[in-house]
Amino acid sequence: MVTESPSGNARNARPHFGFFVVFALVICMFCPVSFGHSCAGIFYPYAAADLGVGTGVLSYFTPLACLSGLVFLPFAGRLLNGCDARACIGGSCFVAALAFFLVSFSTQLWQYLACGVLMGFGTCTLIYLAPATLITRWFDKNAGFYIGLVAAFTGVGGMVWAAVGGALIQALGWQATYRVFAAITLACVPIMIACIASRPSDKGLLPYGTNAQSASTDERGQASAPIDAAALVAQLAPGEHPRARKGIAAKEAFKMPQFYLIMGFCFCLNFGMYLNGMVPSYVHTLAVGSAVPMLGAWATSLSMAAQTGTKLGLGYVGEKHPFSGTVACIAMGIVGAVLILVGGAGNAAVVIAVGAFAYGVYYGVTNVMTPSFARKTFGGLEYPIVYARISMAANVAGVCSGFLWGAVIDIAGFEVAFVGAALLIACAIACTLGLAYFQSRDIKRFLEGDKAK
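Per the numbering used here, the very first residue in the sequence shown carries number 1; after that it's consecutive.
Following this line, the structure appears as structure tokens:
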């Protein structure tokens with residue numbers, strides 16, 4: 001963790017500014033994102049009672065936030081690509097704080113849900129764009145690990161703030177608790193301004209891990225010196241596209257099969273993830289759920305521990321083995337679904353718990369490997385614009401999955417829902433293998449094209 005001089009050599013013992021960027025992003029995940037998404041459910045029973053509505057209809061708060069994020073993401077990507085990142089991310093925190101503050105004054109259902117829409121405009125940048133974009137710019141080495149580290153704090157924040165928020169609701173009420181969350185989120189704004197810079201060049205630095213003497217691109221992905229095709233391919237990281245170092249323009253990226261495979265990968269993962277939260281409900285329908293009342297809570301805790309571990313571990317392993325590591329972790333979702341159903345059929349608490357852990361491993365993949373695949377394929381030239389479009393698939397899945405899985409469970413039961421999730425996970429594996437094929441194909445064409453010259 002040292003500051004690198006423009007020549008790429010260590011200059012002194014001060015931390016590289018990129019680590020301050022990581023710290024700011026961790027704060028984003030730990031506070032505003034956890035408040036708005038991981039902890040939304042703790043407010044529903046109390047707010048529903050005061051507003052005189054059912055908990056189910058109030059839970060549309062989160063899908064509506066996903067929907068507004070879906071609408072805003074393309075604009076957010078262009079803003080983050082062309083404007084000061086401090087303004088974009090600090091402004092997003094301010095919007096989220098405003099949503100938390102206003103929702104505390106809700107006296108009618110439409111007001112509560114409207115605040116969910118407002119929150120989505122703020123949190124979409126914080127969840128989907130800020131970590132992937134800034135870490136890609138600031139880290140040439142172990143970028144996937146730092147993306148995973150940041151993503152892990154949504155789970156950590158959910159565990160911490162769900163307990164703290166629950167205690168505050170009991171002591172102060174749900175309205176005052178939202179105001180406390182608003183104040184904490186507002187306090188994040190100066191941290192974003194102090195600890196974030198758009199690019200390393202803004203601080204006179206290179207991305208962390210870059211050696212200027214051997215680098216062939218700058219931090220925006222522009223080629224700085226011509227290089228032989230075979231030599232460039234030899235320098236590629238595992239899974240990297242041969243044109244990623246130079247960068248691929250958004251208009252061209254949108255025409256590549258890799259773009260649609262990554263988008264399909266993102267959609268399938270996020271659509272199947274919804275059932276992770278339904279495991280406690282499934283357990284409560286079983287005889288073993290009555291015999292072991294804490295089984296649902298244990299399953300949730302094991303799943304959250306698994307997803308946090310996956311985000312950290314896959315962030316590192318995925319840099320060296322992006323495709324095999326991803327397939328192995330995704331396949332754990334199929335294993336988990338099978339074990340949950342087998343355990344349910346046999347009323348085996350241990351099998352259900354192990355299945356929930358395995359399903360949690362799969363749950364942790366999307367926030368790490370989706371941005372990693374996009375970075376390895378399209379480079380940094382117009383990364384925020386490209387990744388904003390890919391992230392729309394996650395938002396569509398978030399909006400639709402709750403409604404569709406709820407209908408499937410009501411009509412056909414949990415068993416059919418988990419089988420459907422296993423099929424979606426298989427589709428995500430197919431997308432990963434397809435991406436590996438097209439990356440290999442393009443490397444071959446790149447070399448053949450150079451020889452033809």
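By construction, the Cβ of each residue, glycine as well, lies at the ideal position given by its N, Cα and C atoms.
All figures in this text were calculated on a predicted structure; none of them were measured in a lab.
Span of the alpha helix (DSSP H) around residue i
{"i": "Tyr260", "result": "Pro257 to Met273"}
{"i": "Pro384", "result": "Tyr383 to Ala412"}
{"i": "Val350", "result": "Ala349 to Tyr363"}
{"i": "Gly380", "result": "Per DSSP, Gly380 belongs to no alpha helix (DSSP H) and is neither H nor E."}
{"i": "Glu252", "result": "Ala250 to Ala253"}
{"i": "Phe23", "result": "Phe17 to Cys28"}
{"i": "Ile330", "result": "Pro322 to Gly346"}
{"i": "Gln108", "result": "Run containing Gln108: none; DSSP gives neither H nor E here."}
{"i": "Cys195", "result": "Trp174 to Cys195"}
{"i": "Pro63", "result": "Phe61 to Gly82"}
{"i": "Pro45", "result": "Tyr44 to Leu51"}
{"i": "Gly91", "result": "Ala85 to Val103"}
{"i": "Gly36", "result": "Per DSSP, Gly36 belongs to no alpha helix (DSSP H) and is neither H nor E."}
{"i": "Leu232", "result": "Ala229 to Gln235"}
{"i": "Gly56", "result": "Thr55 to Leu58"}
Chain-order list of residues whose beta-carbon lies under 6 Å from that of residue i (same chain, five-residue window excluded)
{"i": "Phe72", "result": "Phe121 and Cys124"}
{"i": "Ile334", "result": "Ala422 and Ile425"}
{"i": "Met304", "result": "Gly155"}
{"i": "Gly264", "result": "Cys431"}
{"i": "Leu433", "result": "none"}
{"i": "Ala162", "result": "Cys39 and Ile42"}
{"i": "Leu64", "result": "Leu113, Gly116 and Val117"}
{"i": "Gly337", "result": "Checking the sequence, you will find Ala at residue 337 rather than Gly. So the qualifying residues of the chain are Phe418, Ala421 and Ala422."}
{"i": "Leu102", "result": "Cys115"}
{"i": "Gly69", "result": "Gly120, Cys124 and Asn395"}
{"i": "Gly344", "result": "Leu286"}
{"i": "Val279", "result": "Ala299 and Ala356"}
Short CB-CB distance (under 8 Å) between residue i and chain C
{"i": "Trp138", "result": "Annotation note: the requested chain C is absent from the structure, which comprises a single protein chain."}
Proximity of residue i and residue j at Cβ, strictly below 8 Å
{"i": "Ile443", "j": "Pro242", "result": "yes"}
{"i": "Ala356", "j": "Ile340", "result": "yes"}
{"i": "Tyr208", "j": "Gly449", "result": "no"}
{"i": "Pro322", "j": "Phe438", "result": "no"}
{"i": "Ala428", "j": "Leu314", "result": "no"}
{"i": "Cys195", "j": "Phe403", "result": "no"}
{"i": "Trp405", "j": "Leu302", "result": "no"}
{"i": "Thr308", "j": "Val361", "result": "no"}
{"i": "Val33", "j": "Leu149", "result": "no"}
{"i": "Ile184", "j": "Cys31", "result": "yes"}
{"i": "Ile147", "j": "Ala24", "result": "no"}
{"i": "Ala130", "j": "Cys28", "result": "yes"}
{"i": "Ala132", "j": "Tyr387", "result": "yes"}
{"i": "Gly398", "j": "Cys66", "result": "yes"}
{"i": "Tyr46", "j": "Ser59", "result": "no"}
{"i": "Ile262", "j": "Leu435", "result": "yes"}
{"i": "Ala349", "j": "Met332", "result": "no"}
{"i": "Tyr128", "j": "Ser401", "result": "no"}
{"i": "Ser104", "j": "Gln170", "result": "no"}
{"i": "Phe254", "j": "Ala393", "result": "no"}
{"i": "Ala182", "j": "Ala97", "result": "yes"}
{"i": "Cys140", "j": "Thr62", "result": "Per the sequence presented here, residue 140 reads as Asp, with Cys not at that position. Result no, Cβ atoms of Asp140 and Thr62 do not sit closer than 8 Å."}
Own chain residues within Cβ distance below 7 Å of residue i, not counting five before or after
{"i": "Thr136", "result": "Ala143, Arg375, Gly380 and Tyr383"}
{"i": "Gly318", "result": "Gly144, Gly325, Thr326, Val368, Met369 and Ser372"}
{"i": "Val283", "result": "Gly289, Leu295, Gly296, Ala299 and Ile352"}
{"i": "Ser214", "result": "In this predicted model, Ser214 has a pLDDT of only 48, less than 50, meaning its place in the structure is not dependable enough to derive any value."}
{"i": "Ala417", "result": "Leu275, Trp405, Val408 and Ile409"}
{"i": "Cys88", "result": "Leu79, Leu80 and Thr125"}
{"i": "Gly54", "result": "Ala48"}
{"i": "Ala152", "result": "Thr308, Lys311 and Leu312"}
According to DSSP, residues forming a beta bridge with residue i
{"i": "Tyr208", "result": "Phe139"}
Beta-carbon contacts of residue i that lie in its chain and below 8 Å, excluding the five residues immediately before and after
{"i": "Val180", "result": "Leu168 and Leu172"}
{"i": "Asn347", "result": "Leu286, Ala287, Val288 and Ala291"}
{"i": "Ser440", "result": "none"}
{"i": "Lys203", "result": "Phe17 and Ala197"}
{"i": "Tyr316", "result": "Asn142, Gly144, Phe145 and Gly148"}
Q) Can you give, in chain order, each stretch of the alpha helix (DSSP H) that sits fully within the region 270 to 310 and has at least 4 residues? A) 279 to 284 and 287 to 291, all fully within the region 270 to 310.
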